[in-house]
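Have a look at the structure below, then the notes.
Number of protein chains: 2
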Amino acid sequence: MLTERQREVLKAIVAEYVNTAEPVGSRTLARRHNLGVSTATIRNEMADLEEMGYLRQPHVSAGRVPSDHGYRFYVDHLMEEDRLTYSEQNLLNEFIYSGAREADLVLATASRLLSQLSSYVGLITSPRIHTGRLVEIKLVHLSQQLVLALLFTDNGQLENRVLVLPPEVEPEHLETLAAYFSCRLAGRPMEEITGRLLDEVYLELLEEHTLSHNLVTQIAETLMGWLKAGGRSRVFTGGTHNILAQPEFQDLEKVRHLLALFEEEALLLQLLQREPGITITIGRENRLPVVQNCTVVSSTYTINGRSTGTVAVLGPTRMDYAHVILVLEHMACCLEETFSAQDDN
Amino acid sequence: MLTERQREVLKAIVAEYVNTAEPVGSRTLARRHNLGVSTATIRNEMADLEEMGYLRQPHVSAGRVPSDHGYRFYVDHLMEEDRLTYSEQNLLNEFIYSGAREADLVLATASRLLSQLSSYVGLITSPRIHTGRLVEIKLVHLSQQLVLALLFTDNGQLENRVLVLPPEVEPEHLETLAAYFSCRLAGRPMEEITGRLLDEVYLELLEEHTLSHNLVTQIAETLMGWLKAGGRSRVFTGGTHNILAQPEFQDLEKVRHLLALFEEEALLLQLLQREPGITITIGRENRLPVVQNCTVVSSTYTINGRSTGTVAVLGPTRMDYAHVILVLEHMACCLEETFSAQDDN
DNA sequence: TGTTAGCACTCTCCTACTGAGAGTGCTAAC
DNA sequence: GTTAGCACTCTCAGTAGGAGAGTGCTAACA
Numbered sequence: 149m150l151t152e153r154q155r156e157v158l159k160a161i162v163a164e165y166v167n168t169a170e171p172v173g174s175r176t177l178a179r180r181h182n183l184g185v186s187t188a189t190i191r192n193e194m195a196d197l198e199e200m201g202y203l204r205q206p207h208v209s210a211g212r213v214p215s216d217h218g219y220r221f222y223v224d225h226l227m228e229e230d231r232l233t234y235s236e237q238n239l240l241n242e243f244i245y246s247g248a249r250e251a252d253l254v255l256a257t258a259s260r261l262l263s264q265l266s267s268y269v270g271l272i273t274s275p276r277i278h279t280g281r282l283v284e285i286k287l288v289h290l291s292q293q294l295v296l297a298l299l300f301t302d303n304g305q306l307e308n309r310v311l312v313l314p315p316e317v318e319p320e321h322l323e324t325l326a327a328y329f330s331c332r333l334a335g336r337p338m339e340e341i342t343g344r345l346l347d348e349v350y351l352e353l354l355e356e357h358t359l360s361h362n363l364v365t366q367i368a369e370t371l372m373g374w375l376k377a378g379g380r381s382r383v384f385t386g387g388t389h390n391i392l393a394q395p396e397f398q399d400l401e402k403v404r405h406l407l408a409l410f411e412e413e414a415l416l417l418q419l420l421q422r423e424p425g426i427t428i429t430i431g432r433e434n435r436l437p438v439v440q441n442c443t444v445v446s447s448t449y450t451i452n453g454r455s456t457g458t459v460a461v462l463g464p465t466r467m468d469y470a471h472v473i474l475v476l477e478h479m480a481c482c483l484e485e486t487f488s489a490q491d492d493n
Numbered sequence: 149m150l151t152e153r154q155r156e157v158l159k160a161i162v163a164e165y166v167n168t169a170e171p172v173g174s175r176t177l178a179r180r181h182n183l184g185v186s187t188a189t190i191r192n193e194m195a196d197l198e199e200m201g202y203l204r205q206p207h208v209s210a211g212r213v214p215s216d217h218g219y220r221f222y223v224d225h226l227m228e229e230d231r232l233t234y235s236e237q238n239l240l241n242e243f244i245y246s247g248a249r250e251a252d253l254v255l256a257t258a259s260r261l262l263s264q265l266s267s268y269v270g271l272i273t274s275p276r277i278h279t280g281r282l283v284e285i286k287l288v289h290l291s292q293q294l295v296l297a298l299l300f301t302d303n304g305q306l307e308n309r310v311l312v313l314p315p316e317v318e319p320e321h322l323e324t325l326a327a328y329f330s331c332r333l334a335g336r337p338m339e340e341i342t343g344r345l346l347d348e349v350y351l352e353l354l355e356e357h358t359l360s361h362n363l364v365t366q367i368a369e370t371l372m373g374w375l376k377a378g379g380r381s382r383v384f385t386g387g388t389h390n391i392l393a394q395p396e397f398q399d400l401e402k403v404r405h406l407l408a409l410f411e412e413e414a415l416l417l418q419l420l421q422r423e424p425g426i427t428i429t430i431g432r433e434n435r436l437p438v439v440q441n442c443t444v445v446s447s448t449y450t451i452n453g454r455s456t457g458t459v460a461v462l463g464p465t466r467m468d469y470a471h472v473i474l475v476l477e478h479m480a481c482c483l484e485e486t487f488s489a490q491d492d493n
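From first to last, the protein sequence lines stand for chains A and B. Mapping of the first sequence onto my numbering: residues 149 to 493, in sequence order. Mapping of the second sequence onto my numbering: residues 149 to 493, in sequence order.
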């Protein structure tokens, strides 16, 4: 267990290092944080903290730097709550009151704002519509070739799309087909449906020859393409350039790997698949090798009470944790407010 | 005017420099390209070419590097057609036959592919639906609160969206409103409509008290939000990390500015607002200061015979122009094929 | 026993210097 | 008009040296 003084030293070192990005020595610490003891004593404490794994020394005649464990301890036990400045608050307010409602635009803006407020990279996953269960699929005939497909879920979400079908399609085909899909899929969770369930149902459909075969195949395929595409969660990345200002990202090779990651939506989605509430993964705690010298802080956001997406900040392990957490909490609220206000998709 | 030998020297220098990224000296040139003359002669020609502004010398004892003018002359007069390798052809085929149809996914993939095939950055603007003229706006009542809004243009494009409206809405309101908008806007180019025309019509509408005021306002606002959002062209950027491998982008500050640019959709749209066919802007020929040490090569792609979007590659001025042009031409075809095959939006 | 002053030691970083290498322009000869 | 030869210039990589920062250890002190 750490003594009170060791905790203070660790806390001071984290604070100092987060600020300056330079290894902190005993002298700096004694000068800037009045710990009430001499540099020699601090040196002893630092040596102990290093032995316990909370600090690292880049080289023998440099100051100390918090290790992943050190940050972990700081986050779990030492961190104090932060407050937003007025100008930060203003930025968030502007964002809320901008009146933008279109999901793409809101999330892209939000991820950039996240970056601006944290000076790291902002990441946001689009709300998963696929949290609910399917209630019904409707196909509405609009004109000879145009059909409106509607999909209702039990949590009030709605997906829609106009499909273009072959001219031979007749209304009763559509009805049968919609009824078939609705019947087979109703009550099932959306995740399951967009996964392999849909394929199964499709195969079964092909074996039932109650409908003019060719046509059904075409319609079903169009329908399936739509359902699967809708199931795709997207990730919005904002402010990648901001991270280049951080001294730990002066290495081009590192930056390259990160930028490559930001274009791999599948990997990002995996990275952002997180527990509700604030979650912090520091350095090696991350599974993904590329981000093992980074920290990812995330929060989930909810729409109408259901948790549906993740807002996150990715930055160096030397991160202003308290501030990032605060920003994420506020952003989660903003998104909730923006999206819950109405049911527009 | 350049002599035949000067043209050969310039061509050889461009080829060499594009390959090696090192200033090319007279000796290298004599060895690798058999120009049939001695290094001294080449030196004389180089000095002349420099005087005419086609070459630059980074410092007095270095080789020569093509200037923006040099590249321009090369592109206009010296460049030879390139051919795709089998593996490149394969990548493109895979892309076409992947069967993806959803615009977002296709364009994101395409921009990455563009980057992969060029090793620079791929940029693609989403197809402008707003090239045509409005034919009609339809509002179809689906259920008590749900209304399907449809927008037809004279070039066969179709936008649709389900709007959620207040429960008091009645079918005749919708009809009147749709008729009003259709009547006032029909025949007008979409660009105009999503611009200030819509605002004007909206204001006029507010002054006509033929409709229950409050309700109309709400519907009209929802409708307008949709129209304006639909007018927003998007830009897909792919392979930003690839550019970091280029020696001209070792400077972090440069990279930062570029990355920042890639998040400024408005600027990108401006940059990608280009003439039909292949367009090349080299270095200082670009208006945007950030890209004045870059080259942007673009092609427009057409859907059903109408040019609607831009595919482009952004890289260093030291670029394999012939290859990039080739890749862009092929990509434009791919997109045309993908999107024209059906009318799905 | 915990704290502190003093000191030798280590390591990085910056600067200056040097020599090798590459490439040029010029001159004179072909 | 072309070429060989040569003096000159500039960069780059490697090396050496000194300043600066920080440590760990020891011995003295409260």
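We put the beta carbon where it would ideally sit given N, CA and C, even for glycine. Just so it is clear, the structure is predicted and the values come from calculations on it, not from any experiment.
task = Answer yes or no: do V444/A and L417/A have a C-beta to C-beta separation smaller than 8 Å?
result = Position 296 of the first sequence, counted from the start, is the residue given in the question as residue 444/A. Position 269 of the first sequence, counted from the start, is the residue given in the question as residue 417/A. No, Cβ-Cβ distance for V444/A and L417/A is not below 8 Å.
query = In chain order, what residues of the same chain have a beta carbon less than 7 Å from the beta carbon of S263/A, not counting five sequence neighbours either side?
reply = Residue mapping note: residue 263/A aligns to position 115 of the first sequence, counting from 1. Only V269, G270, G386, G387 and N390 meet the Cβ criterion.
Under 8 Å from the C-beta of N308/B: neighbouring residues of chain A = Translated into positions along the second sequence, residue 308/B becomes position 160. Under the 8 Å cutoff, chain A gives L296, N308, R309 and V310.
request  = Have a look at L203/B, V295/B and R435/B and flag the residue whose alpha-carbon is nearest the alpha-carbon of V317/B.
outcome  = Counting from one through the second sequence, the residue named residue 317/B turns up at place 169. Looking at the Cα atoms, V295/B is the closest of the given residues.
inquiry  = Quick test of the definition: if touching needs 3 or more C-beta pairs under 8 Å, does the segment 336-343 of chain B touch the segment 274-290 of chain B?
reply    = yes
task = Determine the direct distance from the alpha carbon of Y222/A to that of A470/A, and round the result to whole angstroms.
result = Your numbering for residue 470/A matches position 322 in the first sequence. Your numbering for residue 222/A matches position 74 in the first sequence. When rounded, the distance between both Cα atoms is 10 Å.
ask   = Where does D216/A land, buried or exposed, given buried means 16+ other C-beta within 10 angstroms?
value = In the first sequence, residue 216/A corresponds to position 68, counting from 1. It counts as buried.
inquiry  = Taking the straight line between their C-alpha atoms, what separation do you get for N493/B and K286/B?
reply    = Within the second sequence, the letter at position 345 stands for residue 493/B. Within the second sequence, the letter at position 138 stands for residue 286/B. Unreliable positioning characterises N493/B in this predicted model, as indicated by a pLDDT of 37, which lies under 50. The coordinate reading is nonetheless provided below. Those two C-alpha atoms are separated by around 17 Å.
query = Interface residues of chain A around R220/B at Cβ under 7 Å?
reply = Taking the first residue of the second sequence as 1, we reach residue 220/B at position 72. Chain A residues near R220/B: none, gap ~30 Å exceeds 7 Å.
key: Chain-order list of residues whose beta-carbon lies under 6 Å from that of W374/B (same chain, five-residue window excluded)   = Start at 1 with the first residue of the second sequence, and residue 374/B comes out as number 226. For W374/B, where only same-chain residues beyond five positions count, the Cβ hits under 6 Å are R309.
message = Against L392/B, what residues of chain A qualify as contacts under a CB-to-CB distance less than 9 Å, listed in chain order?
response = For this step, residue 392/B is matched to residue 244 along the second sequence. The answer, in chain order, is L400, E401, V403, R404 and L407.
request  = Answer with buried or exposed for D468/A, where buried requires no fewer than 16 other C-beta atoms within 10 angstroms of its C-beta.
outcome  = Along the first sequence, read from residue 1 onward, the residue named residue 468/A stands at position 320. Counting Cβ neighbours within 10 Å, D468/A comes out buried, since at least 16 surround it.
task = Counting only the same chain and skipping the five closest in sequence on each side, list residues whose C-beta sits under 7 Å from that of L392/B.
result = Here residue 392/B corresponds to residue number 244 of the second sequence, with the count starting at 1. Answer for L392/B: V403, listed in chain order.
key: Cβ neighbours of P171/B in the same chain (closer than 8 Å, five flanking residues each side left out)   = Mapped onto the second sequence, residue 171/B falls at position 23. Counting only Cβ-Cβ distances below 8 Å, and skipping sequence neighbours, we find Y165, Q205, P206, A210, G211, R212 and V213.
CB contact check: E502/B to chain A, cutoff 8 Å = Nothing in the structure corresponds to residue 502/B, since chain B is present only between 149 and 493.
key: Pairwise C-alpha distance: P275/A and L371/A   = Counting from one through the first sequence, the residue named residue 371/A turns up at place 223. Counting from one through the first sequence, the residue named residue 275/A turns up at place 127. Those two C-alpha atoms are separated by around 22 Å.
inquiry  = Buried or exposed for Y219/A, going by 16 or more other Cβ atoms inside 10 Å?
reply    = Reading the first sequence from its first residue, position 71 is the one you call residue 219/A. Per the 10 Å Cβ criterion, buried.
Cα-Cα separation between C481/B and L345/A, rounded to whole angstroms = For the purposes of this step, residue 481/B is taken as the residue at position 333 of the second sequence. For the purposes of this step, residue 345/A is taken as the residue at position 197 of the first sequence. One C-alpha to the other measures close to 35 Å.
ask   = Counting only beta-carbon atoms, is E242/A nearer than 8 Å to chain B?
value = Taking the first sequence and counting its residues from 1, one reaches residue 242/A at position 94. For E242/A, the answer is no, since every Cβ of chain B falls outside 8 Å of its Cβ.
key: Beta-carbon neighbours of G463/B, restricted to chain A and to distances below 7 Å   = Numbered from its first residue, the second sequence carries residue 463/B at position 315. Within 7 Å Cβ-Cβ: nothing; G463/B doesn't reach chain A, min ~15 Å.
query = Cα separation between V208/A and A195/A?
reply = Position 60 of the first sequence, counted from the first residue, corresponds to residue 208/A. Position 47 of the first sequence, counted from the first residue, corresponds to residue 195/A. Answer to the nearest angstrom: the Cα atoms are 12 Å apart.
key: Cα-Cα separation, L255/A to I272/A   = Mapped onto the first sequence, residue 255/A falls at position 107. Mapped onto the first sequence, residue 272/A falls at position 124. If you take the alpha carbons of L255/A and I272/A, they lie about 7 Å apart.
key: Chain-ordered chain B contacts of V445/A [CB-CB under 9 Å]   = Taking the first sequence and counting its residues from 1, the one referred to as residue 445/A is at position 297. Residues of chain B passing the Cβ test: none, with the nearest at roughly 21 Å.
query = Going by C-alpha distance, which of V312/B, S381/B, V288/B and I341/B is nearest P319/B?
reply = In the second sequence, residue 319/B corresponds to position 171, counting from 1. That would be V288/B, whose Cα lies nearest to the Cα of P319/B.
key: Exposure of E352/B, with buried meaning 16 or more beta-carbon neighbours within 10 Å   = In the second sequence, counting from the first residue as 1, residue 352/B sits at position 204. The residue is exposed, with fewer than 16 neighbouring Cβ atoms inside 10 Å.
request  = Taking only beta-carbon positions, decide if E411/B is within less than 8 Å of chain A.
outcome  = One-based indexing of the second sequence puts residue 411/B at position 263. Answer yes: the Cβ-Cβ gap between E411/B and chain A drops below 8 Å somewhere.
ask   = By how many angstroms is the C-alpha of M479/A removed from the C-alpha of N167/A?
value = Sequence index remark: in the first sequence, residue 167/A carries index 19 (1-based). Sequence index remark: in the first sequence, residue 479/A carries index 331 (1-based). Roughly 24 Å between the two C-alpha positions.
ask   = Given that H389/A touches chain B, what residues does it touch there, using C-beta distances under 9 Å?
value = For this step, residue 389/A is matched to residue 241 along the first sequence. Going along chain B in sequence order, the residues near H389/A (Cβ under 9 Å) are V403, R404, H405, L406, L407, A408, L409, F410 and E411.
For G457/B: DSSP bridge partner residues = Indexing the second sequence from 1 puts residue 457/B at position 309. Answer by DSSP bridge pairing, in chain order: Y449/B.
key: Residues of its chain near L226/A, where Cβ-Cβ distance is below 8 Å and the 5 sequence neighbours each way are ignored   = Start at 1 with the first residue of the first sequence, and residue 226/A comes out as number 78. Here the set comprises R155, L158, K159 and V162.
query = Got a sec? Which residues, its chain only, sit under 6 Å from E484/A by beta carbon, not counting five neighbours each side?
reply = As a first step, residue 484/A is located in the first sequence; it is residue number 336 there, counting from the start. Answer for E484/A: Y449 and T450, listed in chain order.
inquiry  = Closer than 7 Å to a non-hydrogen atom of the ligand FMN - does that hold for the CB of V472/B?
reply    = With respect to small molecules bound, the structure shown includes none, and the ligand FMN cannot be examined in it.
task = Please confirm if R260/B has its CB atom under 8 Å from at least one CB of chain A.
result = The residue labelled residue 260/B in the question sits at position 112 within the second sequence. Closer than 8 Å: yes.
inquiry  = Strictly under 8 Å for the Cβ-Cβ distance: is Q490/B near chain A by that measure?
reply    = Within the second sequence, numbered from 1, the residue matching residue 490/B stands at position 342. Any reading at Q490/B must be qualified, since the residue scores a pLDDT of 48, below 50, and its modelled position is unreliable; no value is offered.
task = Run through the segment 396-427 of chain B for me and flag every whole beta strand (DSSP E) of 3 or more residues, listed as ranges in chain order.
result = none
message = Check this for me: beta carbons of V438/A and L406/A, under 8 Å apart or not?
response = As a working mapping, residue 438/A is identified with position 290 in the first sequence. As a working mapping, residue 406/A is identified with position 258 in the first sequence. Yes; because the gap between Cβ atoms is below 8 Å, this pair is in contact.
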